[in-house]
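Trainee:
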Amino acid sequence: MEGKKANAKAEADKAFRNKEYAFASEIYGMALRCGQDATIYSNRSLCKLKMGDGTGALLDANQCRMMRPDWAKACYRQAQAYMLLKDYKQAYDALLDAKKLDPRNDEIERELRRAMESMKASPDEAQQ
Numbered sequence: 001m002e003g004k005k006a007n008a009k010a011e012a013d014k015a016f017r018n019k020e021y022a023f024a025s026e027i028y029g030m031a032l033r034c035g036q037d038a039t040i041y042s043n044r045s046l047c048k049l050k051m052g053d054g055t056g057a058l059l060d061a062n063q064c065r066m067m068r069p070d071w072a073k074a075c076y077r078q079a080q081a082y083m084l085l086k087d088y089k090q091a092y093d094a095l096l097d098a099k100k101l102d103p104r105n106d107e108i109e110r111e112l113r114r115a116m117e118s119m120k121a122s123p124d125e126a127q128q
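Residue numbers (full-length UniProt numbering): 1 to 128.
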C-alpha cells in the first residue's frame, strides 16, 4: 500500500506542477485511500485552494492539522482556506498558531498582516 501511495503522490505532484489542479486533487485522493498522510492532505488542500474550493480546502487542512498539530504548514493551509472563505478572524487565529510554530517565517508574517487588514476592512465578516 505504501508503494501505491507514494506512486500516486508522485503522479499528483507532477499534475500539480503542470497546474492540473483537479486531476492532482483526484490523484491525491487515491493516495489517501492507501493510507492517511498529513502531507497529502496539505497538498490536496492547496489544489482545492487553487480551484477556489474554500470549503474543500478547509476540510483537508483540518484533517492535516489533526494529524500534525505541530506543523506550521497545517495551520497555514487552514488560514489560506479561511481567507478564501472570508473568515478573516479564523484565518488570523490559524496564522497566530503557525507563527508560534515557525516564528521566523516571513510568509506567515505577511499573511498575518493581510488577515488583520482584511478584518479591519470587513468588520462584519471579521466577527464570524
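Think of the CB as a built atom: it goes at the ideal place given N, C-alpha and C, for glycine as much as any other residue.
Note down, in chain order, each residue of its chain lying with its Cβ closer than 7 Å to the Cβ of Ala-22, except the 5 sequence neighbours on either side.
Mentor: Excluding residues within five positions, the ones whose Cβ falls inside 7 Å are Met-51.
Trainee: My output table needs one value for Met-30: the three-state DSSP class, helix, strand or coil.
Mentor: Note: Met-30 maps to helix in three-state DSSP.
Trainee: Beta carbon of Leu-101, beta carbon of Ala-72: below 7 Å?
Mentor: Contact: yes.
Trainee: Does DSSP classify Ser-118 as helix, strand or coil?
Mentor: Correct three-state label for Ser-118: helix.
Trainee: Since Tyr-88 and Ser-118 are thought to touch, with beta carbons under 8 Å apart, how far apart are those beta carbons, to the nearest angstrom?
Mentor: Indeed they touch by this definition, with Cβ atoms about 4 Å apart.
Trainee: Restricting to Cα atoms, I'd like to know which of Asp-70, Met-1, Ala-24 is closest to Pro-103.
Mentor: Ranking Asp-70, Met-1, Ala-24 by Cα distance to Pro-103 puts Asp-70 first.
Trainee: Which word fits Glu-107, buried or exposed, when buried means at least 16 other C-beta atoms lie within 10 angstroms of its C-beta?
Mentor: With fewer than 16 Cβ atoms within 10 Å of its Cβ, Glu-107 is classed as exposed.
Trainee: Using 10 angstroms around the beta-carbon of Ala-121, count the other beta-carbons present and answer buried if the total reaches 16, otherwise exposed.
Mentor: It counts as exposed.
Trainee: When you compare only the Cα positions, how much space is there between Arg-17 and Ser-25?
Mentor: Distance between the alpha carbons of Arg-17 and Ser-25: 12 Å.
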